[in-house]
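S.K.: Residue numbers (the working numbering), protein chains in the order written: chain A, 1 to 216; chain B, 217 to 432.
Number of protein chains: 2
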Amino acid sequence: MKSLPDAAPRWRRRPTERPQEILDAALQVFSEQGLARARVEDIATQAGVSKGTVYLYFDSKEDLFRESVRNRIARTVEMLEAAAPPGNSVARIQRFIDAYWQHLRQPMFGSIYRLILAELPQFPGFTQFYGEEVSGRVIELAAHIVQEGVDEGRFRPIDPMVAARMIVGLIVQHAIWTSQPRLFPRVGNRSDADIGNEIKAFLLSALLPPATKGTA
Amino acid sequence: MKSLPDAAPRWRRRPTERPQEILDAALQVFSEQGLARARVEDIATQAGVSKGTVYLYFDSKEDLFRESVRNRIARTVEMLEAAAPPGNSVARIQRFIDAYWQHLRQPMFGSIYRLILAELPQFPGFTQFYGEEVSGRVIELAAHIVQEGVDEGRFRPIDPMVAARMIVGLIVQHAIWTSQPRLFPRVGNRSDADIGNEIKAFLLSALLPPATKGTA
DNA sequence: AGCAACTTGCTGACCGGTCATTAAGTAGGC
DNA sequence: GCCTACTTAATGACCGGTCAGCAAGTTGCT
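1. Tell me where the alpha helix (DSSP H) around S171 of chain B begins and ends.
2. Hey, which unbroken runs of the beta strand (DSSP E) at 3 residues or more fall wholly within the region 121-198 of chain A?
3. Measuring only between beta-carbons, confirm whether T215 of chain A sits less than 8 Å from chain B.
4. Report the CB separation of R18 of chain A from V49 of chain A in whole angstroms; it is logged as a contact under 8 Å.
5. Mind checking if N197 of chain A is an interface residue toward chain B, Cβ cutoff 8 Å exclusive?
6. For Q20 of chain A, count neighbouring Cβ atoms within 10 angstroms of its own Cβ and tell me buried if that reaches 16, exposed if not.
7. Check whether the region 412-427 of chain B and the region 125-141 of chain A are in contact - that is, three or more C-beta pairs closer than 8 Å.
8. Going by DSSP in three states, P209 of chain A sits in which element: helix, strand or coil?
9. Hey, is Y130 of chain A's beta-carbon within less than 8 Å of any beta-carbon in chain B?
10. How far does the alpha helix (DSSP H) with A91 of chain A in it reach, from first residue to last?
11. Going by C-alpha distance, which of B:F312, B:K267, B:S327, B:W317 is nearest V362 of chain B?
12. Count the other C-beta atoms from every protein chain shown that fall within 10 angstroms of the C-beta of G149 of chain A, then say buried if there are 16 or more, exposed otherwise.
13. Measure the Cβ-Cβ separation of P209 of chain A and F155 of chain A and say whether it is below 8 Å.
14. Alpha carbon to alpha carbon, how far is F274 of chain B from W227 of chain B? Give it in angstroms, no decimals.
15. Would M79 of chain A and S31 of chain A qualify as a contact pair, given that the criterion is a beta-carbon distance under 8 Å?
16. Secondary structure at V265 of chain B, three-state DSSP: helix, strand or coil?
17. When you compare only the Cα positions, how much space is there between L420 of chain B and I259 of chain B?
18. Where do the ends of the alpha helix (DSSP H) carrying A242 of chain B lie?
19. A334 of chain B lies in the alpha helix (DSSP H); which residues open and close that run?
20. Could you list which residues in chain A have their beta carbon closer than 9 Å to that of G250 of chain B, in chain order?
21. Does the beta carbon of M377 of chain B sit closer than 8 Å to a beta carbon anywhere in chain A?
22. Suppose contacts are defined by Cβ-Cβ distances below 8 Å. Is F65 of chain A in contact with L23 of chain A by that definition?
23. I want to know whether the region 392-412 of chain B touches the region 329-336 of chain B - three or more CB-CB distances under 8 Å.
24. Excluding sequence positions up to five away, which residues of its chain have a Cβ less than 6 Å from the Cβ of S219 of chain B?
25. Comparing the C-beta of S421 of chain B with each C-beta of chain A, is any distance below 8 Å?
26. Taking the straight line between their C-alpha atoms, what separation do you get for P225 of chain B and V245 of chain B?
27. Counting only beta-carbon separations shorter than 8 Å, does S191 of chain A have a partner in chain B?
28. Report buried or exposed for L56 of chain A, applying the criterion of at least 16 other Cβ atoms within 10 angstroms of its Cβ.
29. So, helix, strand or coil for A8 of chain A, using DSSP?
30. Would you list, in chain order, the members of the region 56-86 of chain A that have their beta-carbon closer than 7 Å to a beta-carbon of chain B?
31. Cβ closer than 7 Å: which chain B residues qualify as neighbours of M166 of chain A?
32. By the three-class DSSP mapping on this structure, what secondary structure does F418 of chain B have?
33. Would you mind giving the Cβ-Cβ distance between Q173 of chain A and V293 of chain B, rounded to the nearest angstrom? I have them listed as a contact below 8 Å.
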């Protein structure tokens with residue numbers, strides 16, 4: 001009654017794939033439940049392994065948390081930096097806004113952002129990483145585009161870092177609001193594209209010089 | 217060796233004050249630790265009572281959570297509605313921005329906002345309450361002021377609800393960023409007043425009609 | 001006034017359940 | 001046949017919630 005010789009084995013050894021699979025599962029469960037409520041057992045099940053296996057690859061639940069978030073975040077910034085190639089700075093900033101908005105609108109990102117925000121105070125080192133490697137880089141990218149536009153006279157004179165904060169802030173906040181339908185009844189019934197366009201129009205109207213307003 | 221007759225008693229009966237004291241302590245501990253990590257015993261200690269007492273006034277930890285947040289939130293909206301009395305709509309929106317920003321900048325509000333955002337998914341009913349009674353009312357207040365300004369020709373024509381979302385969004389997002397020093401290195405070294413003014417200037421430049429730009 | 005007799009706010013030890021973590025055992029695959 | 005990826009199940013810490021008892025305060029009686 002033991003395993004039949006030619007039956008598929010109950011499990012396979014896949015030492016190279018396991019870590020990433022566990023990280024993905026972890027991020028999903030964490031983003032749904034938060035750090036404290038998430039159960040290692042659920043993460044293991046989701047990843048298709050048993051609880052013990054998780055501890056083969058990660059030291060502790062907290063370690064797993066840190067790694068899973070870091071693992072995902074890193075890709076975002078690179079994507080963004082690639083999404084706004086050189087060119088007309090007004091067009092660039094529009095592409096930047098579109099790309100960022102579209103990216104944050106992936107269903108999972110609302111939860112991840114909430115997750116990060118919620119658990120950050122417990123991870124001082126991680127907060128710094130996030131500030132420098134994520135917000136810092138995104139803001140700087142936006143600021144760079146604005147600077148360019150100001151120099152070319154396409155935008156009105158404005159401190160590029162301030163403008164960048166406003167741009168990123170509006171996008172992020174809208175992503176949060178739309179991530180939880182009931183959280184903000186007033187945005188709920190609009191389409192993603194509509195909201196993206198509203199944000200873009202509003203930002204441009206604050207950035208373009210009075211003369212060219214509405215010309216873009 | 218028992219209690220000396222005129223020694224202060226170990227505790228006093230203060231049935232009317234207890235609930236509010238427990239609510240305050242709870243909000244503080246919850247905002248520091250989050251719902252899951254917060255220990256009822258710590259809340260009790262903070263409130264100067266024993267754990268059992270907490271359960272005299274509240275059914276469960278979750279009940280306590282709900283009540284403590286609701287208790288605090290309710291006051292915010294009323295404050296705001298009082299802070300922007302009728303008058304010139306440009307001045308009104310400025311007062312609204314100032315009042316909201318100043319209010320969110322009380323040290324605790326960053327944590328509370330994070331707390332709400334983080335724990336909301338677990339409390340569907342509460343999410344609805346928040347959406348309708350908090351974001352809803354604040355947005356509507358802002359929208360009303362913008363509408364007035366558009367009608368008077370002081371603002372450029374713009375959907376007031378959209379404008380209101382932008383206004384509130386920028387303020388809230390900046391409040392989140394500044395609530396955790398390292399979270400956003402690029403805002404950290406500016407004073408509250410500076411940031412408030414930057415937000416105000418940016419918003420006005422998006423709202424004022426091209427002709428009057430810079431006239432305000 | 002003084003002093004039981006009583007009510008009730010409050011305490012703190014305790015119980016039970018829920019996981020994170022670990023140790024011991026099993027089976028894939030070279 | 002052996003290494004090691006993986007599973008299984010034991011261990012123990014931790015904490016929400018309960019409750020029996022204690023003491024602060026109050027009332028009524030003399």
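Idealized CB from N, CA, C, for every residue including glycine.
M.R.: In brief:
1. Residue numbering for chain B in the displayed model covers 217 to 432; residue 171 of chain B lies beyond these limits and cannot be assessed.
2. none
3. Note on T215 of chain A: pLDDT 44, under 50, position unreliable in the model; the coordinate value appears next. No, T215 of chain A does not count as interfacial toward chain B.
4. 7 Å
5. no
6. exposed
7. no
8. Of the three classes helix, strand and coil, the one that applies to P209 of chain A here is coil, per DSSP.
9. Yes, Y130 of chain A lies at the interface with chain B (some Cβ there is under 8 Å from its Cβ).
10. 89-104
11. B:F312
12. The residue is buried, with at least 16 neighbouring Cβ atoms inside 10 Å.
13. yes
14. 20 Å
15. no
16. coil
17. 44 Å
18. Run containing A242 of chain B: 234-253, per the alpha helix (DSSP H) assignment.
19. DSSP places A334 of chain B inside the alpha helix (DSSP H), whose first and last residues are 323-335.
20. G34, L35, A36, A118, E119, P121, Q122
21. yes
22. Not closer than 8 Å, so no.
23. yes
24. Any reading at S219 of chain B must be qualified, since the residue scores a pLDDT of 33, below 50, and its modelled position is unreliable; the value itself is stated next. None.
25. yes
26. 27 Å
27. no
28. exposed
29. Assigned with DSSP and collapsed to three states, A8 of chain A falls in coil, not helix or strand.
30. none
31. L386, F418
32. In the three-state DSSP reduction, F418 of chain B falls in the helix class (H, G or I).
33. Not a contact, Cβ separation roughly 18 Å.
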